[in-house]
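According to my numbering, the sequence shown is numbered sequentially starting from 35.
Quick reminder that beta carbons are idealized off the backbone N, C-alpha and C, glycines included.
Read the structure below first, then the notes.
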Amino acid sequence: MITNYTVTGMTCGNCVAHVTEEVSEVAGVTNVAVQLDGSMAVESEALIPFDAIIEAVREAGDNYVVVEA
């Protein structure tokens, strides 16, 4: 299943890399595609709790905010 999100606060490629790395480490996530425009697609075999995605994005940087698209 693919779930789409919007991440605000990213300003460069390093931001994208940090968010990608942290979200990739969430249990159950099989693939992550993050774009600098803020779009993020998370692929998983089962629904990932939104709180887990929020925490991963927060770990990537305090200035990033994620919302369900």
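Residue range of the beta strand (DSSP E) that includes residue i
{"i": "ALA90", "result": "Premise fails: ALA90 lies in the alpha helix (DSSP H), 84 to 94, not in any beta strand (DSSP E)."}
Alpha carbon of residue i to alpha carbon of residue j, nearest angstrom
{"i": "VAL53", "j": "VAL91", "result": "6 Å"}
{"i": "GLU93", "j": "GLU56", "result": "7 Å"}
{"i": "LEU70", "j": "GLY47", "result": "7 Å"}
{"i": "ASP85", "j": "VAL50", "result": "20 Å"}
Bridge partners - residue i, DSSP secondary structure assignment
{"i": "TYR39", "result": "MET74, GLU102"}
{"i": "ALA67", "result": "ALA75"}
Bounding residues of the alpha helix (DSSP H) (the contiguous stretch that carries residue i)
{"i": "ASN48", "result": "47 to 58"}
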